[in-house]
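Novice: Submitted below is the structure of interest, expressed as structure tokens.
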Amino acid sequence: MYVSSISLIWLLIWISMAQIQQGGPDEKEKTTALKDLLSRIDLDELMKKDEPPLEFPDTLEGFEYAFNEKGQLRHIKTGEPFVFNYREDLHRWNQKRYEALGEIITKYVYELLEEECHLEKVYIPVEAMENEPRSFIFMSEDAMTNPDKLMVLIHGSGVVRAGQWARRLIINEDLDSGTQIPYIKRAIEEGYGVIVLNPNENYIEVEKTKAQVQLSSDSSDEPVEKRERKDKIQKDTKKRRDFYEKYRNPQKEKETVQLYIRENGSPEEHAIYVWDHFISQSAAENVFIVAHSYGGLAFVELMIQREAEVKNKVTAVALTDSVHNVWHQEAGKTIREWMRENCCNWVSSSEPLDTSVESMLPDCPRVSAGTERHELTSWKSFPSIFRFFGEALEAKHSSGPGAPTRRSQRIRYEEL
4 MYVSSISLIW
14 LLIWISMAQI
24 QQGGPDEKEK
34 TTALKDLLSR
44 IDLDELMKKD
54 EPPLEFPDTL
64 EGFEYAFNEK
74 GQLRHIKTGE
84 PFVFNYREDL
94 HRWNQKRYEA
104 LGEIITKYVY
114 ELLEEECHLE
124 KVYIPVEAME
134 NEPRSFIFMS
144 EDAMTNPDKL
154 MVLIHGSGVV
164 RAGQWARRLI
174 INEDLDSGTQ
184 IPYIKRAIEE
194 GYGVIVLNPN
204 ENYIEVEKTK
214 AQVQLSSDSS
224 DEPVEKRERK
234 DKIQKDTKKR
244 RDFYEKYRNP
254 QKEKETVQLY
264 IRENGSPEEH
274 AIYVWDHFIS
284 QSAAENVFIV
294 AHSYGGLAFV
304 ELMIQREAEV
314 KNKVTAVALT
324 DSVHNVWHQE
334 AGKTIREWMR
344 ENCCNWVSSS
354 EPLDTSVESM
364 LPDCPRVSAG
374 TERHELTSWK
384 SFPSIFRFFG
394 EALEAKHSSG
404 PGAPTRRSQR
414 IRYEEL
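So in my numbering, spot 383 of the sequence shown is number 386, and the numbers just go up one at a time.
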């Protein structure tokens with residue numbers, strides 16, 4: 004079916020080109036349009052003509068999937084893992100289906116944070132107006148009052164949201180490896196308060212109304228002739244675009260506009276906002292941070308913006324395959340020195356867990372996470388990170404306030 008549709012379209016284009024070549028200069032404009040069309044069309048795009056509607060269930064049950072007792076996503080009837088290529092030769096449709104399932108997974112993890120981990124959803128900005136776009140974070144009941152320890156979790160960039168390390172792991176592996184739930188449960192068991200950041204929830208999307216589209220193109224201050232000429236060009240452009248669109252995107256998706264959340268429009272802004280309004284205001288004497296991938300970059304930016312406060316409040320930081328760069332982010336010498344003493348980065352490596360890994364940058368020590376897969380580094384380094392935090396707290400108590408963790412010296416000592 005797909006082959007016949009594509010072949011017919013290419014045949015029609017070939018015939019048209021042959022006819023145009025026989026014509027004179029009058030046909031030059033048509034030749035240009037057809038060449039433009041050919042440059043915009045490929046086989047994958049043409050296949051969109053025959054794809055099913057982009058309509059998917061809004062529940063796990065609707066997808067006929069559920070998490071089993073091991074936290075693995077399995078088909079309700081067959082018991083098989085998730086299948087991406089549900090329909091052959093329809094990659095775009097399969098991708099949209101995967102994304103729809105991912106949105107359900109996000110809501111499911113939110114529910115687990117509240118029901119299993121007993122965290123509270125806290126909306127931000129804290130003083131938001133009634134109709135203002137909002138985001139949220141999750142906090143344990145004692146996050147602001149625990150006098151001893153507070154753990155802060157920051158995920159990486161992309162589609163993940165609060166409580167997740169990697170959507171791919173949740174769908175294809177299990178909840179333990181893909182979510183922050185093991186960290187949260189163990190932290191609570193060991194007496195930590197917990198705050199879970201949500202750095203990728205930076206805006207809300209609303210459907211763009213017809214009035215908004217027209218408003219963006221209107222220019223009432225322009226001279227009449229100029230406006231008429233512009234309108235004619237826009238009409239011609241729209242006609243040509245609509246002609247291409249029937250091949251490129253037969254299922255036209257709704258146009259949306261992004262409304263950014265005040266003071267939380269980026270992961271870096273979000274980290275600073277949560278620090279200012281929650282972490283710095285908490286009673287905890289010792290704050291411990293776990294930051295994965297881009298979350299590490301957000302932490303370094305927080306350190307740059309709030310250096311004195313972070314040094315005074317944070318006892319240790321565990322990074323997992325962090326993408327920060329102290330040179331590009333222009334972190335000062337005092338920040339780099341503090342990171343060398345109080346941070347450790349568990350990176351993807353073929354070496355055994357906790358093996359020292361050489362670094363090209365003059366910041367925190369790097370050790371192997373015991374896996375070469377970036378998305379698995381937080382899960383594989385899980386026991387080592389809690390041991391690292393325990394040692395940092397013990398070193399601080401034995402040496403007095405403000406004592407460094409000396410992680411770099413401990414690694415060298417173990418190797419010796």
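Note that the Cβ used here is the ideal one computed from N, Cα and C, for glycine as well.
Between ASP61, LYS211, HIS280, which has its C-alpha nearest THR259's C-alpha?
Specialist: LYS211
Novice: Quick one: what does DSSP say PHE291 is sitting in, helix, strand or coil?
Specialist: Look at PHE291 here: in three-state DSSP terms it is strand.
Novice: Shortest alpha-carbon distance to TYR126 belongs to which of PHE291, LEU200, ARG309?
Specialist: Per the Cα distances, LEU200.
Novice: Can you pull the DSSP bridge partners for CYS347?
Specialist: ALA321
Novice: Does ARG90 pass the burial test, meaning 16 or more other C-beta atoms within 10 Å, or should it be called exposed?
Specialist: exposed
Novice: With distances taken Cα to Cα, identify the nearest neighbour of LEU172 among ARG390, THR380, SER387, PRO386.
Specialist: THR380
Novice: Mapping the DSSP letters down to three states, classify GLU208 as helix, strand or coil.
Specialist: GLU208: strand per DSSP, three-state reduction.
Novice: Cα-Cα, which of TYR68, GLU266, PRO60 is closest to GLU135?
Specialist: With distances taken between Cα atoms, GLU135 lies closest to GLU266.
Novice: Using the rule of at least 16 other Cβ atoms within 10 Å of the residue's Cβ for burial, across every protein chain shown, is TYR263 buried or exposed?
Specialist: exposed
Novice: Is the distance from the Cβ of LYS188 to the Cβ of CYS120 below 8 Å?
Specialist: yes
Novice: Is the separation between the beta-carbon of PRO150 and that of GLU288 shorter than 8 Å?
Specialist: In this structure, GLU288 lies closer than 8 Å to PRO150 by Cβ.
Novice: For ALA165, count neighbouring Cβ atoms within 10 angstroms of its own Cβ and tell me buried if that reaches 16, exposed if not.
Specialist: buried
Novice: Can you give the Cα-Cα distance for VAL1 and PRO56, rounded to whole angstroms?
Specialist: With the chain covering only 4 through 419, there is no way to say anything about residue 1.
Novice: Go through its chain and collect everything with a Cβ distance to ARG339's Cβ below 8 Å, but skip five positions before and after it.
Specialist: VAL329, PRO365, ASP366
Novice: Give me the residue from SER351, LEU356, VAL360, VAL303 with the minimum Cα distance to MET342.
Specialist: VAL303
Novice: Would a C-beta distance cut-off of 8 Å place LEU115 and ILE184 closer than the cut-off?
Specialist: yes
Novice: Where does the unbroken beta strand (DSSP E) through ALA69 begin, and where does it stop?
Specialist: 68-70
Novice: Determine the burial state of VAL298: buried for a count of at least 16 other Cβ atoms within 10 Å of its Cβ, exposed for fewer.
Specialist: For the sequence presented, residue 298 should be read as Gly rather than Val. Its Cβ being crowded by 16 or more others within 10 Å, GLY298 is buried.
Novice: Secondary structure at SER138, three-state DSSP: helix, strand or coil?
Specialist: strand
Novice: By DSSP, does VAL163 sit in helix, in strand, or in coil?
Specialist: Secondary structure at VAL163: coil, using DSSP grouped into helix, strand and coil.
Novice: Would you mind stating whether ALA274 and SER325 have Cβ atoms separated by less than 8 Å?
Specialist: no
Novice: Give every residue of the same chain whose Cβ lies closer than 6 Å to the Cβ of ASP357, excluding the five residues on either side of it in the sequence, and list them in chain order.
Specialist: VAL370, SER387
Novice: Quick one: using the 10 Å Cβ neighbour count with 16 as the cut-off for buried, is THR374 buried or exposed?
Specialist: buried
Novice: For GLU361 versus TRP168, is the C-beta distance shorter than 8 Å?
Specialist: no
Novice: If you reduce the DSSP assignment to three classes, tell me which class SER371 lands in.
Specialist: strand
Novice: Just the C-alpha distance for SER138 and GLU204, rounded to the nearest angstrom, thanks.
Specialist: One Cα belongs to SER138, the other to GLU204, and the distance between them is close to 6 Å.
Novice: From LEU156 to ALA190, what distance separates their C-alpha atoms?
Specialist: 11 Å
Novice: Please state the DSSP three-state secondary structure of SER401.
Specialist: helix
Novice: Using only the alpha-carbon positions, how far apart do PHE392 and LEU63 sit?
Specialist: PHE392 and LEU63: Cα-Cα distance of roughly 37 Å.
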